[in-house]
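So the structure is just underneath, and the comments pick up after that.
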Amino acid sequence: RKRVAILISGRGSNMAALIAAAKEADFPAEIVGVISDKADAAGLLVAEAAGIPIRVVPRSDYSGKEAHDQAIDATLHAFGTEIVCLAGYMRLLTDAFVAEWQGRMINIHPALLPLFRGLDTHRKALAAGVRIHGCTVHFVTAEMDGGPIIAQAAVPVLPDDDADTLAVRVLKAEHRLYPRALKLVAEGKARMVSGATVFDPSTPVVSEMA
Ligand code: GAR
């Protein structure tokens, strides 16, 4: 089983979905640690209750972004990490850190990339008037929310939606999608090669439509 660490900044519901999936005997990865840049991240309590080792690495303890990311990197190595999952980690990572974990670090983004990068994705989707929205798991590269796509899930945008109701629908899809995408990566069935995702030919594509 691949050794997976999860980086969070807040609620940690995607983290919880990964922890739950990894409890299954046949899941190809185990969660060896959770790291937060925020001491008050609610997800830390959830991880602790699940018996997962937690570490807080606050930005304010370090002189700059590089030193902060180096401390996170050291913590990942101390966990014996093989794969990093970003799950609501709300800080941009330095190029050196991204390069170090290239092909071994994945992120979940609450939109159908390449649409709606960055923050406030549900508001952006409503403003754009799209009738289908969703979430994406992708390999992390130096370009924010720009790395090669591993899996996506789509949900409808309903006439009465506001950003909150849409967020709830997308979040449910995120919780199903992220474990499926991690499984592909942990099994080596989705790999990043020259900036693109290469899938094992026998692997069914993970595209979920609500
Ligand atoms: C999730 O919707 C995730 O996709 C999003 O933040 C939320 C975290 O919720 N991530 C980003 O916006 C990354 N820029 P969670 O802490 O309950 O998983």
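The sequence shown begins at 3 in the UniProt record's numbering and counts up one residue at a time.
From the three backbone atoms N, C-alpha and C, an ideal C-beta is built for every residue, glycine too.
- With a beta-carbon spacing of about 6 Å, Ile-10 and Ala-43 fall inside the 8 Å limit used to define contacts.
- Secondary structure note for Lys-126: its alpha helix (DSSP H) is the uninterrupted segment 123-130.
- Less than 9 Å separates the beta-carbon of Ala-127 from that of Leu-168.
- Gly-12 has its CB nearer than 8 Å to a heavy atom of the ligand GAR.
- A Cβ-Cβ separation of about 12 Å leaves Gly-90 out of contact with Val-48 under the 8 Å criterion.
- For Ala-49, there is no enclosing beta strand (DSSP E); the residue is part of the alpha helix (DSSP H) that begins and ends at 44-51.
- Secondary structure note for Met-17: its alpha helix (DSSP H) is the uninterrupted segment 15-24.
- Here DSSP, grouped into helix, strand and coil, assigns Thr-138 to strand.
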